[in-house]
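Novice: Below are the C-alpha cells for one structure; questions will follow.
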C-alpha cells in the first residue's frame, strides 16, 4: 500500500509539472490564437489566387511512400499530425509517430496496472505520456518559430539587396535558401521549388505562412502580394518591414524581462504545495494519512485541485501579453 501511494505521488507530481509547463510555456502571447487569426487571413489571401492548387511538396512526399504508408499518412489524422511535426521541424513520418505513441500509451497502461493494480493510475499513465508528447511538440515548435523569426529579419535584408541588384523574385527566394542556415533556408527553398513547379505566387506564400504561422511572414506575404498587384518598390517595402520587425523584437525582449518575476512567482506558487506535501508525507506519514484516506480529505484535495487550476489559468492570462 505504501509503495503504491509513493508511486501515485510521483505520477501526480509529474502530471502537475507537465500540465503547468503546457499552460505556462509561452511568455509573450498565445500562439494558438495568433495561429487561428493567421489561418483566417491566409485563407482570404489564397482564395483571391488559385486556391484549388494543393501543395506539390505534399503530393511529392506522398508519391514516394508505399501504398500502405500512403493509406496511413493520407487521412485527416495523418495530415494534422504531419503539420504539427513539420511545424516542430522534425523529420518524422506522421504514421510512425502515431504508431509509436499509441504503443507507448498501451505499454504504460499495462506496466502501471501490473505494478500498482490501480485503475486510476492505469487511466492516468497514457494521459501523462500524451500530454508529455504534446508538450514536446509545442516546445520544439516554439523554439523553431522563434529562431525562424530571428532569421527572417536577416532574410529580408538579403532579399532587399538581391532585389536592388536586379534579381527576379524567384531567384531572390533561391538566394535566401542558399545563403542562410536552417530553418529559414529550408522553408524558402520549399517555396522556391513550388514557384518553379508553377504554383501561383499567392498560394506558395500562403503555404510558407502555413508552415511558419508568424506575424512577420504574414506582413511579408501582404507586402509582396500588394506589390505584385499594384506595383511599387518592393525593396523599400521590405526595408520598412525589417525595421518594424526589429522594433517588435526589442519590445518582446522588454516584455519578457518585465514579466520574469511574474513567471517565477507562478512556478513558486504552483510547486510549493506539492513540495510541502511530499516533505510532510516523508517526514510524518501518519500526520498526512487522514487527508488521503478519509472522504473529507479527498474532498478537500479535489476542491484544492480545482482552485489551483483556476489560479494557474488566471496567472497565465496575466502573463500572456500579445506583442
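Numbering (the working numbering), first residue to last: 41 to 363. Ideal placement from N, C-alpha and C gives every residue a C-beta, glycine not left out. Quantities reported herein were computed from a predicted structural model and do not represent experimental measurements.
1. Closest by CA to residue 201, which one among 190, 188, 191 and 215?
2. Does residue 310 pass the burial test, meaning 16 or more other C-beta atoms within 10 Å, or should it be called exposed?
3. To the nearest angstrom, how far is the alpha carbon of residue 160 from that of residue 327?
4. If you draw a straight line from the C-alpha of residue 117 to the C-alpha of residue 250, how long is it?
5. Take the Cβ of residue 304 as the centre, count every other Cβ of all protein chains shown within 10 Å, and call the residue buried at 16 or more, exposed below.
6. Looking at the structure shown, is residue 351 part of a helix, part of a strand, or coil, going by DSSP?
7. Closer than 7 Å by C-beta to residue 203: which residues in its own chain qualify, once you throw out the five before and the five after it? Chain order, please.
8. What does a CB cutoff of less than 8 Å around residue 125 pick up in its chain, not counting 5 residues either side in sequence?
9. Can you tell me which of the three DSSP states residue 164 falls into?
10. Which full runs of the alpha helix (DSSP H) of 4+ residues lie inside the stretch 119-181, going along the chain?
11. Given a cut-off of 8 Å on the beta-carbon distance, is the pair residue 152 and residue 165 in contact?
12. When the Cα atoms are used, what is the spatial distance from residue 281 to residue 266?
13. In terms of alpha-carbon separation, which member of 225, 192 and 334 lies closest to residue 259?
14. Under three-state DSSP, which class holds residue 330?
15. Might you give, ordered along the chain, the residues of its own chain that have their beta carbon closer than 7 Å to the beta carbon of residue 199, omitting 5 neighbours on each side?
16. Considering only the beta carbon of each residue, do residue 264 and residue 245 sit closer than 8 Å?
17. Hey, out of 242, 147 and 127, whose CA is closest to residue 27's CA?
18. Which runs of the alpha helix (DSSP H) at least 4 residues long sit entirely within the stretch 246-294? Give them in chain order.
19. Are residue 167 and residue 254 closer than 8 Å when you measure CB to CB?
20. Which of helix, strand or coil does DSSP assign to residue 321?
21. Which residue spans inside the stretch 179-210 form an unbroken alpha helix (DSSP H) run of at least 4?
22. Between the Cα of residue 129 and those of 320, 297 and 252, spot the shortest distance and give me the residue it belongs to.
Specialist: Per the coordinate set shown:
1. For the purposes of this step, residue 201 is identified with residue 161 of the chain shown, where counting begins at 1. Checking every option, the nearest Cα to that of residue 201 belongs to 215.
2. By one-based count along the chain shown, residue 310 stands at place 270. The residue in question, residue 310, is buried, as its Cβ has 16 or more Cβ neighbours within 10 Å.
3. Locating residue 160 in the chain shown gives position 120, where the first residue counts as 1. Locating residue 327 in the chain shown gives position 287, where the first residue counts as 1. Distance between the alpha carbons of residue 160 and residue 327: 24 Å.
4. Here residue 117 refers to the residue found at position 77 of the chain shown. Here residue 250 refers to the residue found at position 210 of the chain shown. Whole-angstrom Cα-Cα distance: 17 Å.
5. One-based indexing of the chain shown puts residue 304 at position 264. Exposed.
6. Here residue 351 corresponds to residue number 311 of the chain shown, with the count starting at 1. In this structure, residue 351 counts as helix in the three-state DSSP scheme.
7. Taking the chain shown and counting its residues from 1, one reaches residue 203 at position 163. Cβ neighbours of residue 203 beyond the five flanking positions: 212, 274 and 275.
8. For this step, residue 125 is matched to residue 85 along the chain shown. Cβ neighbours of residue 125 beyond the five flanking positions: 132, 134, 137 and 177.
9. For the purposes of this step, residue 164 is taken as the residue at position 124 of the chain shown. Here residue 164 sits in helix by DSSP.
10. 134-156
11. Here the question's residue 152 lines up with position 112 in the chain shown. Here the question's residue 165 lines up with position 125 in the chain shown. In this structure, residue 165 lies closer than 8 Å to residue 152 by Cβ.
12. The sequence position of residue 281 within the chain shown is 241, counting from 1. The sequence position of residue 266 within the chain shown is 226, counting from 1. Roughly 14 Å between the two C-alpha positions.
13. Here residue 259 refers to the residue found at position 219 of the chain shown. Comparing Cα positions, the closest option is 192.
14. Along the chain shown, one-based indexing puts residue 330 at 290. If DSSP states are grouped into helix, strand and coil, residue 330 belongs with the helices.
15. The residue you call residue 199 lines up with position 159 of the chain shown. Counting only Cβ-Cβ distances below 7 Å, and skipping sequence neighbours, we find 212, 216 and 278.
16. For the purposes of this step, residue 264 is taken as the residue at position 224 of the chain shown. For the purposes of this step, residue 245 is taken as the residue at position 205 of the chain shown. Yes; because the gap between Cβ atoms is below 8 Å, this pair is in contact.
17. Nothing can be reported for residue 27: it is not among the residues displayed for the chain, which extend from 41 to 363.
18. 255-270
19. As a position in the chain shown, residue 167 is number 127, starting the count at 1. As a position in the chain shown, residue 254 is number 214, starting the count at 1. Going by C-beta atoms, residue 167 is not nearer than 8 Å to residue 254.
20. As a first step, residue 321 must be located in the chain shown, where it is residue number 281. Helix.
21. none
22. As a position in the chain shown, residue 129 is number 89, starting the count at 1. Among 320, 297 and 252, the Cα nearest to that of residue 129 belongs to 252.
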